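Report on one structure; see the data block that follows.
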Amino acid sequence: MSDVIRYAFGKTSLGDVLVAASDKGVVALEFVDDRDVAEELFHSRFPAADVVSDQEGLSLLLSRIRRIVDQPHSGSDVDLDLRGTPYEIRVWNLLRKIAVGETMSYGALAAKLGTRDARDVTKAISTNPIAILVPCHRVLKKDGSISGYRWGVRRKRALLEREQLGLRSRK
DNA sequence: GAATTGTCACCAG
DNA sequence: CTGGTGACAATTC
2 MSDVIRYAFG KTSLGDVLVA ASDKGVVALE FVDDRDVAEE LFHSRFPAAD VVSDQEGLSL
62 LLSRIRRIVD QPHSGSDVDL DLRGTPYEIR VWNLLRKIAV GETMSYGALA AKLGTRDARD
122 VTKAISTNPI AILVPCHRVL KKDGSISGYR WGVRRKRALL EREQLGLRSR K
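In our numbering, each number is its position in the first sequence, counted from 1, plus 1.
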């Protein structure tokens, strides 16, 4: 049997996003520049699944995501359907425990996981299909500088700035 | 910032 | 196994 995955496009203050969800939760959330390209890419990522467009059915989810992007500190309660190797899932779960406004280095993450190399973590993170909801943007290099981001360093910086600003002005 | 080097897991051949 | 590579890290300029 094949899964049914519904997807829809949405606009956030950081750009267009493509969100996809199964019955269990969100399976993917990506920033896209070109919707046609994204759609194609997306189909090929879930060859075994039944991928259907469902703009209306996901409108609620989209609005929640928009809220999270605009106000990261307001908390999120979106169900996720993580798909990946056990190791990757471990990493992603760890990422989700990082508090808003906090950051962590790849090295520190590696230590927590008992991995030898930071690159091990890097690889797992870089294959993360779910932007923002799995806050891979809160992972920086050890000196605090931004190294790279799957969806563009610019967005990563914007996200972080927003989170820290939100924290500060909330007090 | 950018370049340089050490390192190690991963992948293609 | 060999060689290329990287969302790293530490150093150096």
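Beta carbons are placed, not taken as given, at the ideal position from N, Cα and C, and that holds for glycine. Predicted model only: the values in this text are computed from it and were never measured.
Cross-strand partners of residue i (DSSP beta bridge)
i      : result
Lys157 : Answer is none; Lys157 lacks a bridge partner.
Glu31  : Leu19
Asp144 : Per DSSP, none; premise fails for Asp144.
Met105 : Val140
Leu81  : Val27
Where the beta strand (DSSP E) containing residue i begins and where it ends
i     : result
Lys98 : From DSSP, Lys98 is part of no beta strand (DSSP E); its letter is neither H nor E.
Asp51 : Asp51 to Ser54
Residue i to residue j span [Cα, whole Å]
i      : j      : result
Val52  : Ser3   : 10 angstroms
Ser54  : Ile69  : 23 angstroms
Gly167 : Ala111 : 28 angstroms
Glu89  : Arg46  : 17 angstroms
Ala125 : Pro48  : 21 angstroms
Gly26  : Arg117 : 32 angstroms
Val28  : Leu62  : 12 angstroms
Lys12  : Gln165 : 22 angstroms
Leu96  : Arg139 : 8 angstroms
Leu161 : Gly102 : 7 angstroms
Val122 : Leu141 : 12 angstroms
Ile147 : His74  : 21 angstroms
Met105 : Asn94  : 14 angstroms
Asn129 : Cys137 : 8 angstroms
Leu81  : Ala50  : 17 angstroms
Boundaries of the alpha helix (DSSP H) in which residue i is found, first to last residue
i      : result
Gly11  : Counting along the chain, Gly11 falls outside any alpha helix (DSSP H), though it belongs to the beta strand (DSSP E) covering Val5 to Thr13.
Ile131 : Careful: Ile131 lies outside any alpha helix (DSSP H) and carries neither H nor E.
Val135 : Segment: none, Val135 is in no alpha helix (DSSP H) and carries neither H nor E.
Leu61  : Ser60 to Asp71
Ser45  : Arg36 to Arg46
Nearest-angstrom Cβ-Cβ length linking residue i and residue j, presumed shorter than 8 angstroms
i      : j      : result
Val33  : Leu19  : 5 angstroms
Glu31  : Trp152 : 7 angstroms
Arg67  : Val79  : 12 angstroms between Cβ atoms; not a contact.
Ser7   : Leu59  : Checking the displayed sequence, the identity of residue 7 turns out to be Arg instead of Ser. At roughly 6 angstroms, the Cβ-Cβ gap stays under 8 angstroms, so Arg7 and Leu59 are in contact.
Val143 : Gly115 : According to the sequence displayed, residue 143 carries Lys and not Val. In fact, because the Cβ distance is near 18 angstroms, the residues do not count as touching under 8 angstroms.
Residue i burial status per 10 Å Cβ neighbour count (16 or more: buried)
i      : result
Leu134 : buried
Val154 : exposed
Glu41  : exposed
Val92  : buried
Pro87  : exposed
Arg36  : exposed
Lys98  : exposed
Arg163 : buried
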